Amino acid sequence: MWKNIIDKNLIVIDPPVKNKKELFEGMVNHAYSHDYILNEKKFLDALLEREKMANTELIQGIALPHARSSVTEKLFLSIIIIKNGIDYDNPDLGPVKIIFFFGCDNNSNKEYLQLLAKSNRLLKTAGFHSRLLACSTVEDVLALMNEYDDDVSSDEHNHYLMIVTLNDPSRNGDVMNALVELGITNASIVEADSMAKTLAYEMPVFAIKVEEVIGNFEEEIEL
-8 MWKNIIDKNL IVIDPPVKNK KELFEGMVNH AYSHDYILNE KKFLDALLER
42 EKMANTELIQ GIALPHARSS VTEKLFLSII IIKNGIDYDN PDLGPVKIIF
92 FFGCDNNSNK EYLQLLAKSN RLLKTAGFHS RLLACSTVED VLALMNEYDD
142 DVSSDEHNHY LMIVTLNDPS RNGDVMNALV ELGITNASIV EADSMAKTLA
192 YEMPVFAIKV EEVIGNFEEE IEL
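Numbering-wise (the working numbering), the sequence shown opens with residue -8 and increments by one.
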């Protein structure tokens, strides 16, 4: 998968940025210069709007900023390495050194979620973080990513079944995006009026408060 999605032109090591604002502006400008974005301002606005919902540093030292926008030419992944780290406005997790930056149009949600989920699993893989930080050239990064090109076996991520009840079906996409960002890729969403049928089969049910998942990315699970 990685060899089909990664453009070496979107791999950047130690860009000259001093803060999160400069980082975001630089990321968007770089993607725009390589024809992945049609309108810099509109995409940057979408990226910042997503960041307002919750900080995208979900793993210590690693951030996954992303946005879906009609001004995206095609799905892309940009990898940025900042060896000395940069303040990402998240004091609980500290400076960010690895950034996986995503963008897609409004019609590529399935591929976008697959890429986000696979990136999340990869970044949590033992040893990958330190090996990526040790890369000194774009070619080093490409070679490392190709080592991890095989999909994670289903045995590694099929240990549970999560069912989310949703009163507002129009929020389906938002909820799925939020769950994937948390690394939850095995969730099934059903409308509230279908829950009675689910319970009839005595399946384990987890109810997640939508506002918390989307706004603060904190799971509130009720048995």
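Every residue gets a Cβ at the ideal spot worked out from N, C-alpha and C, and that includes glycine.
Every value quoted in this text rests on a predicted model; they were computed, and no experiment measured them.
Residue i - partner residues in DSSP beta bridges
i, result
"G94", "A58, F67"
"I87", "The question names Ile, but residue 87 in the sequence shown is Val. I77."
"I(-3)", "DSSP output for I(-3) lists no bridge partner at all."
Delimiting residues of the beta strand (DSSP E) encompassing residue i
i, result
"V3", "2 to 4"
Beta-carbon proximity of residue i to residue j, cut-off 8 Å
i, j, result
"I77", "V8", "yes"
"I53", "L1", "no"
"L66", "S99", "yes"
"N137", "K(-1)", "no"
"L107", "I(-4)", "no"
"R122", "L113", "no"
"F15", "L38", "yes"
"M(-8)", "D140", "yes"
Own chain partners of residue i with C-beta closer than 6 Å, once the 5 adjacent residues on each side are dropped
i, result
"D80", "K11"
"A30", "Residue identity check: residue 30 is Asn in the sequence provided, not Ala. Result list for N30: V62, in chain order."
"Y27", "E64, F67"
"V129", "K(-1), I2"
"T47", "A54, L55, P56"
"I4", "I72"
"R41", "A58"
"P6", "G17"
For residue i, the first and last residue of its enclosing alpha helix (DSSP H)
i, result
"H25", "Unbroken run through H25: none, as it is neither H nor E."
"Y139", "First-last for Y139: undefined, no H or E at that position."
"N100", "100 to 114"
"E48", "Per DSSP, E48 belongs to no alpha helix (DSSP H) and is neither H nor E."
"S121", "119 to 124"
Cβ-based neighbour list, residue i, same chain, cut-off 8 Å, excluding 5 preceding and 5 following
i, result
"Q51", "L84, G85"
"L124", "I72, K74, K88, I89"
"A117", "none"
"I126", "In the sequence as presented, Ile is not what sits at residue 126; that position holds Cys. Closer than 8 Å at the Cβ level, and outside the excluded window around C126, lie I4, I72, V132, L135."
_Segment contact, 8 Å Cβ cut-off, at least three pairs: the region 49 to 61 with the region 88 to 98_ = Flag = yes, the region 49 to 61 and the region 88 to 98 touch.
*Is it a yes or a no for the region 11 to 24 touching the region 33 to 53, going by three-plus beta-carbon pairs under 8 Å?*
A contact exists between the region 11 to 24 and the region 33 to 53.
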